[in-house]
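J.: So in numbering that gives the first Met the number 0, spot 276 of the sequence shown is number 275, and the numbers just go up one at a time. All C-beta atoms, glycine included, are put in the ideal place defined by N, C-alpha and C.
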Amino acid sequence: MVEFLSLLFSNVFLLGITFIVCLFLLDFVRSRNNGSNFPAGPKGLPFLGNILQIDFRNPAGTFYQLRKEFGNVFSLQYFWKKMVVLNGYEVMKETLINRSEEIADRPEFPIYEKLGFAGETKGLVLARYGSSWKEQRRFTLTTLRNFGMGKKSLEERVTEEAQFLCSEFKSQKDQFNPQFFINNAVANVICSIAFGDRFEYDDAKFQRLLRLFDAALKAESGILAQIMNEIPFLAKIPWLIDHVIQPEYELIEFLKEIISEHQKTWNPNNIRDFIDAYLVEMEKVKEDPSSSFNEANLLMTTHDLFGAGSETTSTTLRWALLYMILYPNVQSKVQEEIDQVIGSERQPTMGDVLQMPYTNAVIHEVQRCGDIIPLALPHMTYRDMEIKGYCIPKGTTVITNLSSVLKDQELWEKPFQFYPKHFLDENGKFVKREAFIPFSAGRRACLGEQLARMELFLFFTTFLQQLTFEIPSDQPRPSEDPFYALTQSPHPYNIRVVARV
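(1) Among all the DSSP beta bridges, which residues are the ones paired with H378?
(2) Does the beta-carbon of V352 have 16 or more other beta-carbons within 10 angstroms, so that it is buried, or is it exposed?
(3) What does the alpha-carbon distance come out to for the pair K255 and H421?
(4) According to the neighbour-count rule (16 or more other Cβ atoms, all chains shown, within 10 Å of its Cβ), is L320 buried or exposed?
(5) Please classify L13 as buried or exposed, where buried requires at least 16 other C-beta atoms within 10 Å of its C-beta.
(6) What ranges does the alpha helix (DSSP H) occupy inside the region 31-97, keeping only unbroken runs of at least 4 residues that lie completely in it?
(7) Residue range of the beta strand (DSSP E) that Y389 falls in?
(8) Nearest by alpha-carbon distance to Q178: which of D303, V500, S488, K413 is it?
(9) Is I19 buried or exposed, if buried means 16 or more other CB atoms sit within 10 Å of its CB?
(10) Along the chain, where does the alpha helix (DSSP H) containing L466 start, and where does it finish?
(11) Report, in whole angstroms, the separation of the C-beta atoms of L143 and L450, which I expect to be a contact under 8 Å.
(12) When you compare only the Cα positions, how much space is there between Y504 and R476?
(13) Spatial neighbours of S343 within its chain, please: CB distance less than 6 Å, with the 5 preceding and 5 following residues excluded, ordered by chain position.
(14) I want to know whether the region 70-81 touches the region 194-206 - three or more CB-CB distances under 8 Å.
(15) Please report the distance separating the alpha-carbon of K150 from that of F273.
(16) Applying the criterion that 16 or more other CB atoms from any shown protein chain within 10 Å of the CB defines a buried residue, is Q330 buried or exposed?
(17) Identify which residue in F468, A484, H490 has its Cα closest to the Cα of V496.
(18) Would you report the Cα separation of I372 and T486, rounded to the nearest angstrom?
(19) State the Cα-Cα distance for the pair L22 and L239, rounded to the nearest angstrom.
(20) Tell me, please, whether the region 217-237 touches the region 76-94 by the rule of three or more beta-carbon pairs shorter than 8 Å.
(21) Does the beta-carbon distance from V397 to Y88 come in below 9 Å?
(22) Please report the straight-line C-alpha distance between I362 and K332, rounded to a whole angstrom.
(23) Does the separation of the CB atoms of A513 and Y381 fall below 9 Å?
(24) Within its chain, find whatever has a CB closer than 7 Å to the CB of H261; leave out the 5 residues flanking it on each side and keep chain order.
(25) So R105 packs on Y128, CB below 8 Å; how close in whole Å?
(26) Given that a residue counts as buried once 16 or more other Cβ atoms are within 10 Å of its Cβ, and exposed if not, what is H242?
(27) Where does I270 fall in DSSP's three states?
(28) Can you tell me which of the three DSSP states F23 falls into?
(29) With respect to the alpha helix (DSSP H) encompassing I257, which residues constitute its N-terminal and C-terminal limits?
(30) For the region 286-304 against the region 125-139, do three or more pairs of beta-carbon atoms, one drawn from each stretch, fall closer than 8 Å, so that the two count as touching?
(31) Helix, strand or coil: how does DSSP classify V496 here?
(32) Beta carbon of F438, beta carbon of E310: below 9 Å?
(33) Quick one: Cα of E68 to Cα of V500, how far?
(34) In or out: F482 buried (at least 16 other Cβ within 10 Å) or exposed?
(35) Return the Cβ separation of N176 and Y418 in integer angstroms, given the expectation that the two are a contact with Cβ distance under 8 Å.
(36) If you draw a straight line from the alpha carbon of D201 to that of F168, how long is it in whole angstroms?
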């Protein structure tokens with residue numbers, strides 16, 4: 000019996016050693032299968048790669064240090080997955096603009112496959128590059144561009160919401176955190192586009208929608224979700240994947256209900272909103288089995304329109320108010336320009352932009368310094384490509400470090416400070432800077448860029464036309480340090496508003 004146990008133990012030990020050796024050999028092979036001309040990067044640990052070397056609370060800071068050692072194009076390894084990080088304006092211009100199709104694909108995100116949106120049927124943001132994505136993006140851009148088809152134009156919708164938000168600010172008798180109100184207002188703009196109408200800020204249905212989007216964003220940007228995307232078999236564990244995407248389940252059901260209501264009441268001769276416009280397109284191609292216009296894509300495109308069109312804009316406006324209370328002299332100069340160009344009687348319009356160089360410069364500097372999406376969403380090479388002499392194989396995940404451009408020390412006079420003069424010449428005229436790419440660039444540039452620009456200008460000028468923002472007297476000076484969780488936002492802060500006479 001003793002001999003049997005000893006033999007069993009020896010065999011198990013031998014099998015264990017063999018298994019570990021095989022894993023190390025597999026890791027060795029996988030970590031070197033990209034060719035000799037693949038970008039260099041920091042040496043990683045077996046199996047884990049460089050995961051433990053990245054500060055996930057400030058990944059752009061980690062990349063800033065790695066860039067010093069490995070240059071503007073370097074590689075990282077997350078578990079067994081190799082990826083390439085691009086830095087600097089010249090590299091970004093070459094890839095995102097001059098070679099945009101070669102980097103237009105998206106990697107797979109296993110956590111979303113459980114929702115039934117695998118393959119090309121993934122809406123806009125996460126969809127693989129191909130005919131479906133091209134159809135969906137073209138339709139969405141055209142629909143947003145032509146949104147004068149309802150009762151109100153797009154600009155009128157934004158202006159109306161800006162007025163509602165200012166009224167809410169004025170109703171606050173004491174200091175308050177503006178985040179809740181800004182989130183409501185920006186989300187309402189998307190609601191009016193997608194669903195046909197806005198909600199009152201205390202509407203229970205509206206608040207449930209916002210809570211679900213917020214919960215989904217937090218869960219899917221967390222470390223567990225990121226690990227599951229890098230180790231796909233973890234996403235096959237039912238209880239684990241359900242835990243991560245439970246908010247998405249509820250959100251999808253919520254959107255399905257709204258779409259179902261539209262399907263019962265829509266009229267092709269009276270298009271009320273984006274969903275109606277999409278249903279018209281579905282009706283046109285219902286006999287074409289190859290068309291990408293179907294209910295699954297309607298659901299995901301509506302989801303993407305709402306998610307992408309609210310979080311980044313509301314975060315930017317929060318940065319804008321923070322900078323105004325931290326730099327009251329800048330706030331005063333913006334108000335002076337508003338008084339001269341717009342006055343106090345009429346509402347701001349997009350036609351005012353060209354006459355307001357200082358205000359325009361401040362808004363651009365908020366976006367640059369706030370650095371809302373420092374790493375953008377990951378790209379994937381659509382075919383083999385060469386970047387600065389390095390060979391990047393097809394199917395390689397590529398991270399575009401937008402922060403390295405927006406805060407490049409060679410391109411900006413004061414890259415780590417809030418400095419509106421970055422966008423003004425010596426005569427005080429607005430200057431457009433090539434390195435200003437907060438919306439990314441190329442084929443995967445933010446499709447809501449024009450809407451976001453409109454919202455930022457109209458909300459911001461309406462704020463400062465009617466109100467002055469201050470740090471509450473009993474509060475310390477808020478920090479400018481960002482909080483990173485996929486997007487980069489300011490830490491919570493309170494403000495006090497004073498109505499302008």
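T.: Reading off the structure:
(1) Position 379 of the sequence shown, counted from the start, is the residue given in the question as residue 378. Partner(s): V397.
(2) Your numbering for residue 352 matches position 353 in the sequence shown. V352 comes out buried.
(3) Translated into the one-based positions of the sequence shown, residue 255 becomes position 256. Translated into the one-based positions of the sequence shown, residue 421 becomes position 422. K255 and H421: Cα-Cα distance of roughly 45 Å.
(4) Position 321 of the sequence shown, counted from the start, is the residue given in the question as residue 320. The residue in question, L320, is buried, as its Cβ has 16 or more Cβ neighbours within 10 Å.
(5) Position 14 of the sequence shown, counted from the first residue, corresponds to residue 13. A caution first: L13 carries a pLDDT of 47, below 50, which makes its placement in the model unreliable, though a value can still be read off. The residue is exposed, with fewer than 16 neighbouring Cβ atoms inside 10 Å.
(6) 58-69, 88-91
(7) Here the question's residue 389 lines up with position 390 in the sequence shown. 389-391 is the extent of the beta strand (DSSP E) around Y389.
(8) Mapped onto the sequence shown, residue 178 falls at position 179. Of the listed residues, the one whose Cα sits closest to Q178 is S488.
(9) Taking the sequence shown and counting its residues from 1, one reaches residue 19 at position 20. Residue confidence for I19 is low, a pLDDT of 47 falling below 50, so the modelled location carries little weight; the figure read from the coordinates is stated next. Exposed, by the Cβ-count rule.
(10) For the purposes of this step, residue 466 is identified with residue 467 of the sequence shown, where counting begins at 1. Unbroken run through L466 is the beta strand (DSSP E), 466-469; no alpha helix (DSSP H).
(11) For this step, residue 143 is matched to residue 144 along the sequence shown. For this step, residue 450 is matched to residue 451 along the sequence shown. That belief holds up - the Cβ atoms of L143 and L450 are roughly 6 Å apart, short of 8 Å.
(12) Residue 504 lies beyond the range of the chain shown here (0 to 500); nothing can be said about it.
(13) Here residue 343 corresponds to residue number 344 of the sequence shown, with the count starting at 1. Same-chain partners within the cutoff: there are none.
(14) no
(15) Here the question's residue 150 lines up with position 151 in the sequence shown. Here the question's residue 273 lines up with position 274 in the sequence shown. With a pLDDT of 49 at K150, under the threshold of 50, the modelled position of this residue cannot be trusted; read the value that follows with caution. Rounded to the nearest angstrom, the two C-alpha atoms are 13 Å apart.
(16) The residue given as residue 330 occupies position 331 in the sequence shown. Result: buried.
(17) One-based indexing of the sequence shown puts residue 496 at position 497. Selected option, being the one with the closest Cα: F468.
(18) For the purposes of this step, residue 372 is identified with residue 373 of the sequence shown, where counting begins at 1. For the purposes of this step, residue 486 is identified with residue 487 of the sequence shown, where counting begins at 1. If you take the alpha carbons of I372 and T486, they lie about 5 Å apart.
(19) By 1-based counting over the sequence shown, the position of residue 22 is 23. By 1-based counting over the sequence shown, the position of residue 239 is 240. With a pLDDT of only 44 at L22, under 50, the local geometry of the prediction cannot be trusted, and no value is derived from it.
(20) yes
(21) Along the sequence shown, read from residue 1 onward, the residue named residue 397 stands at position 398. Along the sequence shown, read from residue 1 onward, the residue named residue 88 stands at position 89. Cβ distance not < 9 Å, so V397 and Y88 don't count as in contact.
(22) Position 363 of the sequence shown, counted from the first residue, corresponds to residue 362. Position 333 of the sequence shown, counted from the first residue, corresponds to residue 332. Looking at the two C-alpha atoms, the distance is approximately 13 Å.
(23) No information on residue 513 is available, as it lies outside the stretch 0 to 500 that the chain covers here.
(24) Here residue 261 refers to the residue found at position 262 of the sequence shown. Once the five neighbours on either side are set aside, the close Cβ partners of H261 are I274, D275, L278.
(25) Here residue 105 is taken as the residue at index 106 of the sequence shown, counted from 1. Here residue 128 is taken as the residue at index 129 of the sequence shown, counted from 1. Yes, they are in contact, since the Cβ atoms of R105 and Y128 sit about 7 Å apart, within 8 Å.
(26) In the sequence shown, counting from the first residue as 1, residue 242 sits at position 243. Exposed, by the Cβ-count rule.
(27) Locating residue 270 in the sequence shown gives position 271, where the first residue counts as 1. It is coil, neither helix nor strand.
(28) Against the sequence shown, residue 23 aligns to sequence position 24. With a pLDDT of 44 at F23, under the threshold of 50, the modelled position of that residue is not reliable, and the figure given next carries that caveat. DSSP places F23 in helix when its eight states are reduced to three.
(29) As a position in the sequence shown, residue 257 is number 258, starting the count at 1. That run of the alpha helix (DSSP H) goes 237-264.
(30) yes
(31) Residue 496 sits at position 497 when you count from the first residue of the sequence shown. Note: V496 maps to strand in three-state DSSP.
(32) Within the sequence shown, the letter at position 439 stands for residue 438. Within the sequence shown, the letter at position 311 stands for residue 310. Contact: no.
(33) In the sequence shown, the residue the question calls residue 68 occupies position 69. In the sequence shown, the residue the question calls residue 500 occupies position 501. Roughly 56 Å between the two C-alpha positions.
(34) On the sequence shown, residue 482 is found 483 positions in, with the first residue counted as 1. Exposed, since its Cβ has fewer than 16 Cβ neighbours within 10 Å.
(35) Residue mapping note: residue 176 aligns to position 177 of the sequence shown, counting from 1. Residue mapping note: residue 418 aligns to position 419 of the sequence shown, counting from 1. With 8 Å as the limit, N176 and Y418 do not qualify as a contact, their Cβ atoms being about 26 Å apart.
(36) Taking the first residue of the sequence shown as position 1, residue 201 is located at position 202. Taking the first residue of the sequence shown as position 1, residue 168 is located at position 169. Rounded to whole angstroms, D201 to F168 spans 14 Å at the Cα level.
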